[in-house]
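Here the structure comes first, spelled out in structure tokens, and everything after it is commentary.
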Amino acid sequence: MTLSVTNTLTGERERFEPRNDDEVLLYVCGLTVSDEAHLGHARLWLHADVMHRWLDHEGYDVRHVENVTDVNEKIVARTGEPGVGDTEPEVAEFFTSTVIRDMRGLNLKRAEVYPRVSEHVPEIVDLVETLIDRGYAYESNGSVYFDVTTFDEYGKLSNQDVESIESQGTDVARSEKRHPADFALWKAGAVAPADVAEHRDPDLDPIEEPGGETWDAPWGAGRPGWHVECSAMSMTHLDDTIDIHAGGRDLVFPHHENEIAQSEAATGREFARYWLHVGLLQTAGDKMSSSLGNFLTVDDALAEYGVDVVRTFYLATAYRSEQTFGEAEMQEAEERWDRLERAYDAAVDACDSTDAYATVADEDLRDAVPEARASFRAAMNDDFNVREAMAALLELGTAVNRHLDTRDHYDYRALREAVETLEEFAGDVFGLSLGDGAADGGDVSVAEDLVELVLEVREAEREAGNYGRADDLRDELTALGIEVQDGDEGPTYRFE
RNA sequence: GCCAAGGUGGCAGAGUUCGGCCGAACGCGUCCGCCUGCAGAGCGGAUCAUCGCCGGUUCAAAUCCGGCCCUUGGCUCCA
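Numbered according to our numbering, the first sequence spans residues 10 to 505.
Dropping the structure here:
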């Protein structure tokens with residue numbers, strides 16, 4: 010069973026064959042740290058994370074690099090905001106710290122490195138010089154532009170002709186360019202007040218002076234253009250040619266198109282073998298976007314739903330499709346996650362119970378485990394079809410529940426294999442926290458003792474026929490986030 | 001206008017790469033049954049889809065071909 014992926018470059022599903030048999034170079038286009046991350050950004054992170062985890066699981070050594078763009082007009086636009094920072098580096102550092110907090114909160118596997126643009130200016134300057142030397146770029150008025158007419162394959166990623174691409178940039182920039190589709194590799198000087206005005210909070214004082222960091226270059230002081238960073242950092246930290254370059258679908262043009270042009274023009278080699286693009290998160294018809302103001306931050310979402318529900322939400326849709334965010338969708342995610350976790354918990358409890366016998370065999374459950382494993386692997390290898398893979402896990406959960414429901418004595422071996430399968434796939438590959446649901450803060454053991462004490466009292470009331478009192482106790486526990494379930498062998502409970 | 005991605009049941013959303021296992025998955029919702037003092041969870045069952053429209057190819061199409069309609073994204077900062 011081999012992995013196949015949908016490559017934007019060819020528009021087709023292709024068998025995934027990395028440059029080296031056992032190593033995958035993965036570059037993820039990270040975000041510009043000019044604001045807190047929202048659920049749209051997190052969707053890319055989650056899918057990149059699951060890809061990383063799956064490749065890991067399949068035995069590849071994954072070298073994952075994810076950039077942090079800390080040089081940008083929008084960051085300059087926020088300088089002087091109370092509590093954020095006075096300079097471009099301060100603002101960038103502030104939001105970078107929130108991004109790292111969010112990534113941890115989402116239980117993402119760490120990338121090998123999170124390179125910052127501000128620390129790679131020398132590499133960027135080298136790249137620009139190379140492009141000028143090789144005749145692909147030209148200096149104009151202190152800025153440097155990539156000449157799209159010199160790169161025959163320009164437009165190959167987004168399937169466009171150079172002539173059909175409308176001109177980019179401001180009037181000033183256009184006047185400096187030879188071809189309207191040429192794009193900036195280096196911008197002369199600091200950021201002009203006019204360039205930040207549209208990003209500036211109208212309640213704050215407008216920025217009057219040119220701002221932001223500048224660096225010296227052979228063409229004079231200035232700032233990197235907004236596409237070179239990824240080329241330079243990808244080649245610096247990985248290689249001239251990498252295996253997977255992932256990003257949001259909105260980056261196909263111009264960002265990724267320009268990355269290909271500048272990288273391949275500079276090295277003469279293929280820049281990335283597989284281009285994977287994650288569909289955008291929609292909210293009620295529109296994409297979720299900072300500029301539209303219709304977003305929920307990662308931090309708020311984690312506080313409201315918890316990491317497992319948020320991850321399960323993303324696992325409900327294949328990465329390349331668009332996904333809709335809404336209250337109903339989050340509730341469904343909660344149900345799905347609860348269902349999976351309950352089945353897992355039930356299987357663990359059954360394994361530990363005295364009804365689990367080594368001599369009992371349930372062929373249905375024994376068959377269900379390898380079936381689930383095979384389905385999961387097939388789904389993941391089919392362009393990371395996470396929803397299909399989750400379906401396999403949920404079906405295994407149903408098989409476990411059915412076994413527990415219909416048998417007096419449990420098949421220990423089959424249950425143990427089911428538990429291990431869920432831990433391996435739902436836990437390691439999907440990054441869900443099975444088995445440690447109550448482990449987030451507080452003195453859990455005391456809490457458990459107290460709950461059990463309350464339940465003992467409640468049982469006494471039930472036996473005495475005082476159901477009203479018993480129901481009150483249950484309601485109060487529910488209000489505290491403790492779900493009580495009465496079964497044949499007394500009550501069980503779990504923390505929400 | 002140009003480029004791209006989509007249009008599948010009440011919702012959400014797989015399946016389209018390699019046509020038949022799709023009489024359409026998983027889940028949510030609704031209804032019934034089992035279980036239960038009740039509830040919940042679980043299990044069983046039911047409900048619910050002429051797979052955007054029209055035409056074509058084929059023994060066979062959600063899946064291939066052609067045309068059309070609609071939605072979203074990109075072409076300006078954007079994951």
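Every residue, glycine too, gets a C-beta built ideally from N, C-alpha and C.
Simplified DSSP state of residue i, which is helix, strand or coil
i, result
"A448", "Because the pLDDT of A448 is 41, which lies under 50, any placement of that residue in the model is unreliable, and the question is left without a value."
"Y419", "strand"
"Y145", "coil"
"H47", "strand"
"L117", "coil"
"I133", "helix"
"T292", "strand"
"L35", "strand"
"Y328", "coil"
"T96", "coil"
"H61", "helix"
"N410", "helix"
"T333", "strand"
"H265", "helix"
"G436", "helix"
"G52", "Checking the sequence shown, residue 52 turns out to be Arg, not Gly. Helix, per DSSP."
"G221", "coil"
"N390", "helix"
"E67", "coil"
"E162", "coil"
Same chain, Cβ closer than 7 Å to residue i, neighbours up to 5 away in sequence not counted
i, result
"K196", "S152, G231, R232 and G234"
Close Cβ partners of residue i (< 8 Å) along its chain, the five nearest in sequence each way excluded
i, result
"G450", "Low confidence applies here, because G450 scores a pLDDT of 42, under 50, leaving its location unreliable; read the following figure in that light. So no residue of the chain qualifies."
"I491", "V460, Y502, R503, F504 and E505"
Continuous alpha helix (DSSP H) stretch holding residue i: start and end
i, result
"P227", "From DSSP, P227 is part of no alpha helix (DSSP H); its letter is neither H nor E."
"Y314", "V307 to Y314"
"V357", "E336 to D361"
"Y154", "No alpha helix (DSSP H) contains Y154, which is instead part of the beta strand (DSSP E) from S152 to F155."
"R125", "Unbroken run through R125: none, as it is neither H nor E."
"G474", "Taken as a continuous stretch (DSSP letters only), G474 belongs to no alpha helix (DSSP H), as it is neither H nor E."
"P202", "P202 to A206"
"A241", "V237 to H246"
Residue i versus residue j: straight-line alpha-carbon distance, rounded
i, j, result
"L115", "V59", "12 Å"
"E45", "S184", "35 Å"
"Q271", "D317", "40 Å"
"H47", "V307", "5 Å"
"E331", "A365", "44 Å"
"A356", "R425", "8 Å"
"D79", "S43", "8 Å"
"Y421", "T415", "15 Å"
"A325", "G20", "23 Å"
"F322", "A473", "44 Å"
"L18", "D252", "13 Å"
"A488", "L482", "10 Å"
"E372", "D417", "15 Å"
"A27", "H188", "Note that residue 27 is Pro in the sequence shown here, rather than Ala. If you take the alpha carbons of P27 and H188, they lie about 36 Å apart."
"T41", "G94", "16 Å"
"R125", "N81", "12 Å"
"E498", "E468", "12 Å"
"G446", "E457", "Residue placement at G446 cannot be trusted, given a pLDDT of 46 that sits under 50; what the coordinates show is reported in the next sentence. For G446 and E457, the distance between alpha carbons rounds to 13 Å."
"L213", "V137", "36 Å"
"M244", "V130", "13 Å"
"M339", "A327", "16 Å"
"A427", "C360", "10 Å"
"A448", "G436", "Bear in mind that a pLDDT of 41 at A448, under 50, signals an unreliable position, so the model cannot answer this."
"D111", "A190", "36 Å"
"D210", "I216", "10 Å"
"W228", "V71", "38 Å"
Beta strand (DSSP E) segment containing residue i, residue limits
i, result
"N16", "S13 to N16"
"F504", "G499 to F504"
"G257", "I251 to G257"
"V493", "I491 to G496"
"V369", "Taken as a continuous stretch (DSSP letters only), V369 belongs to no beta strand (DSSP E), as it is neither H nor E."
Cross-strand partners of residue i (DSSP beta bridge)
i, result
"K196", "R232"
"T78", "T41"
"A281", "I251"
"H73", "L35"
"V287", "G257"
"R22", "T15"
Residues near residue i by beta carbon distance below 6 Å, same chain, minus five either side
i, result
"E75", "V37, G39, A120 and Y123"
"A352", "G406, V409 and N410"
"L12", "F25 and N390"
"T158", "H188"
Residue i Cβ short of 7 Å to the ligand PLP heavy atom set
i, result
"A241", "Annotation note on the ligand PLP: not contained in the displayed structure, which lists no ligands."
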